[in-house]
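Here is the structure we will look at.
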Amino acid sequence: MLQQKIGTLHVRASAPGLYEITDDVERWLLSQGIGEGLLMLFCAHTSASMLIQENAARAARQDLEAFFARIAPEDRSLYTHNDEGSDDMPAHIRSALTQTQLSIPVQNGRMMLGTWQGIYVFEHRREPPTRRIALHLIGELA
Amino acid sequence: MLQQKIGTLHVRASAPGLYEITDDVERWLLSQGIGEGLLMLFCAHTSASMLIQENAARAARQDLEAFFARIAPEDRSLYTHNDEGSDDMPAHIRSALTQTQLSIPVQNGRMMLGTWQGIYVFEHRREPPTRRIALHLIGELA
Amino acid sequence: MLQQKIGTLHVRASAPGLYEITDDVERWLLSQGIGEGLLMLFCAHTSASMLIQENAARAARQDLEAFFARIAPEDRSLYTHNDEGSDDMPAHIRSALTQTQLSIPVQNGRMMLGTWQGIYVFEHRREPPTRRIALHLIGELA
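Residue numbers (the working numbering), protein chains in the order written: chain A, 7 to 148; chain B, 7 to 148; chain C, 7 to 148.
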């Protein structure tokens with residue numbers, strides 16, 4: 007019979023950039039005992055976001071971070087909303103260009119991620135606060 | 007017991023830009039009587055999109071709109087698909103860079119949005135038609 | 007009563023670009039016998055992605071592909087992660103800017119897509135391998 011579970015992860019990155027949470031999500035998932043289902047992760051912030059990305063090459067993540075720094079730079083002359091710091095408006099833009107929420111199918115108790123896929127919180131602020139990621143799982147017991 | 011509900015919001019922005027629908031979504035949600043669940047919003051268009059963004063500072067939204075105008079400008083020389091108006095192709099690109107669909111967890115009858123998060127239809131056309139947003143809710147009665 | 011189904015589509019594009027899979031998804035959906043529900047598509051790769059886009063004008067898709075080629079060009083000088091080919095890092099960036107996953111509501115046995123919406127795999131590599139798209143469907147029998 008289908009049932010649902012709700013949980014929360016608290017994530018604190020040490021710096022801006024991609025911060026992998028695949029293991030934390032997997033640990034939570036395993037503790038719920040669901041065999042088959044649908045997992046949804048929701049980032050309750052507008053200056054951090056979610057992304058599924060390659061988790062093998064560290065250089066790929068750095069290039070990705072550099073791309074977002076280029077496309078939405080910290081440049082006060084570009085923005086009128088500057089009173090929360092010069093990294094605030096780029097943070098909103100980088101969030102808008104990535105994801106607030108991710109859904110992932112679950113089979114045999116595990117997320118059906120591809121071989122090279124990792125789940126990341128994309129932290130956009132220079133002095134990251136603790137971020138709240140809500141998890142919603144619907145599925146059948148294993 | 008889990009059950010599902012389907013609804014529709016009709017949204018007509020008065021101009022291009024971010025148009026907040028948080029209250030409309032909340033009103034629909036409350037009328038369904040679901041306490042805990044998963045809400046999904048789907049924009050049935052390719053020249054308008056969805057976005058969760060900061061709903062406090064109006065300047066932040068204007069900067070965001072300006073960013074998308076810069077990155078995907080109305081410039082006929084950039085596009086071959088110009089027969090539906092010079093704002094049509096930028097509309098498709100801006101939609102592709104944002105979201106067609108958003109999932110949001112529900113707890114105690116309310117969306118688990120962060121303090122500063124609002125739900126927006128991002129209208130990309132200069133003479134906006136009425137937009138259809140489908141809502142799908144799965145969950146348990148409160 | 008609500009039930010869930012899991013399936014897989016294997017997709018092999020012949021070249022980089024938008025590759026429509028609307029009919030394949032619809033065929034799978036119809037074979038499941040679900041009348042009302044929530045369909046989720048998940049791309050298990052980080053160098054191909056998902057997108058809902060206009061499926062009428064071919065020129066619109068070409069302009070969209072050209073936009074992503076401009077914004078995340080194949081230019082080795084921009085990236086440090088070059089050992090998997092000059093199209094690898096742009097592929098990760100273009101994936102990050104679009105979607106890994108799409109949710110679509112289902113009513114009367116059909117996806118509630120807008121008139122001009124098609125579902126696409128956005129292939130970013132020049133020699134595309136076979137891609138795996140996982141499908142998760144939750145709903146009630148028709």
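C-beta: ideal position from N, C-alpha, C; glycine also.
Bear in mind that the values here come from a model prediction, so they are computed numbers and not experimental data.
| Check | Outcome |
| --- | --- |
| Span separating the alpha-carbon of A/P22 from that of A/A62 | 19 Å |
| Spatially closest choice to A/P134 from A/V112, A/D94, A/Q38 and A/W122, by CA coordinates | A/D94 |
| Beta-bridge partners of B/I139, as assigned by DSSP | B/L15 and B/C49 |
| Residues near C/V112 in its chain [Cβ-Cβ closer than 8 Å; skip 5 each side] | L35, I40, G41, E42, G43, L44, L45, M118, L143 and G145 |
| Residue environment, A/D89, which counts as buried when at least 16 other CB atoms sit within 10 Å | exposed |
| Min CB distance C/Y85 to chain A below 8 Å | yes |
| Beta-carbon contacts of C/Q105 that lie in its chain and below 7 Å, excluding the five residues immediately before and after | S55, M56 and L57 |
| A/S20: CB within 7 Å of a non-hydrogen atom of the ligand ADP | The ligand ADP is absent from the structure shown, which contains no ligand whatsoever. |
| Chain A within 8 Å of B/P111, Cβ atoms only | yes |
| Residues from the segment 96 to 110 of chain B in contact with chain A, defined by Cβ distance under 8 Å | L103, T104, Q105, L108, S109 and I110 |
| Cβ neighbours of B/R132 in the same chain (closer than 7 Å, five flanking residues each side left out) | P22 and D93 |
| Endpoints, the alpha helix (DSSP H) within which A/Q68 is located | R64 to I77 |
| Chain B contact for A/I139 (CB, 8 Å cutoff) | no |
| A/I139 versus B/T136, B/I110, B/G124 and B/D81, residue with shortest Cα-Cα distance | B/I110 |
| Integer-rounded CB distance, given that A/S53 should sit under 8 Å from A/H130 | 5 Å |
| Status (buried if at least 16 other CB within 10 Å, exposed otherwise) for C/H16 | exposed |
| Bounding residues of the alpha helix (DSSP H) (the contiguous stretch that carries B/M95) | D94 to L103 |
| Pick from A/I77, A/R67 and A/L47 that is closest to A/R137, judged by C-alpha positions | A/L47 |
| Boundaries (first-last residue) of the alpha helix (DSSP H) holding C/E32 | T28 to Q38 |
| Under 8 Å between C-beta atoms of B/I27 and B/V127 | yes |
| Near-chain A residues of the segment 34 to 67 of chain B (beta-carbon distance less than 8 Å), N- to C-terminal order | E42, G43, L44, L57, I58, Q59, E60, A63, A65 and A66 |
| Unbroken beta strand (DSSP E) run spanning B/E60, endpoints | A54 to E60 |
| Below-8 Å beta-carbon distance, A/D123 vs any chain B residue | As written in the sequence, residue 123 of chain A is Gln, which differs from the Asp given in the question. Not an interface residue. |
| Neighbour flag for B/D69 against chain A, beta carbons, 8 Å | yes |
| CB contact check: C/H130 to chain A, cutoff 8 Å | no |
| Bounding residues of the beta strand (DSSP E) (the contiguous stretch that carries C/G124) | Q123 to E129 |
| Which residues DSSP lists as bridging A/V116, in chain order | For clarity, residue 116 of chain A is Arg in the given sequence; the question names Val instead. Paired residues: A/Q113. |
| Whole-angstrom distance between A/G91 and B/A102, CA atom to CA atom | 29 Å |
| Beta carbon proximity, B/L147 to chain A, threshold 8 Å | no |
| Paired residues, beta bridge with B/L8 - DSSP | B/E146 |
| Beta-bridge partners of B/E42, as assigned by DSSP | B/E146 |
| Own chain, CB closer than 7 Å to C/L8, minus 5 neighbours either side, in chain order | I144, G145 and E146 |
| B/L119: contacting residues in chain C (beta-carbon distance under 8 Å) | Those within 8 Å of B/L119 in chain C number zero; the least Cβ separation is about 18 Å. |
| Proximity test, Cβ basis, 8 Å: B/I144 and chain A | yes |
| Member of B/F74, B/R116, B/R100 and B/Q107 whose CA lies at the smallest distance from the CA of A/Y85 | B/F74 |
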